[in-house]
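Visitor: Dropping a structure here in structure tokens format, bear with me for questions.
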């Protein structure tokens, strides 16, 4: 997972941040990475990719240094068209970098963050992107 995130940061997120905001991406605001639980916190069913450390939940992107007028782009509440377009491009790039991408609009459990994981599927080329 660390390799997939690192590659995505270098090849997609940094160029997007520079292109849209003319700033460096300096931090990701993330939720728990490794957490032993079932999908969507249900009591039964398949284990979550978080249980194996193969998933990451991103709540916001920090661009530039906060003390020097940096800004935060919230996944749940984008502030205007520029933030919305950035998040759409981020999500699209995530669909190429990860096997599963879920976020606002996909289901209630992912309404406030972007979930990415590297879960292997039956067909190696199969991806789930919503």
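Residue numbers (our numbering): 494 to 623. In this text, a Cβ means the ideal position worked out from N, Cα and C, and glycines have one as well.
1. Within the same chain, show all residues whose beta-carbon is closer than 6 Å to that of residue 501, passing over the 5 residues directly before and after it, in chain order.
2. Does the Cβ-Cβ distance between residue 612 and residue 547 come in under 8 Å?
3. Which residues does DSSP list as the beta-bridge partners of residue 522?
4. How would you label residue 596, buried or exposed, when you count the other beta carbons within 10 angstroms and need 16 or more for buried?
5. How long is the line joining the alpha carbons of residue 498 and residue 583, rounded to whole angstroms?
6. What does the alpha-carbon distance come out to for the pair residue 511 and residue 585?
Guide: Quick look at the numbers:
1. 590
2. yes
3. 553
4. buried
5. 12 Å
6. 17 Å
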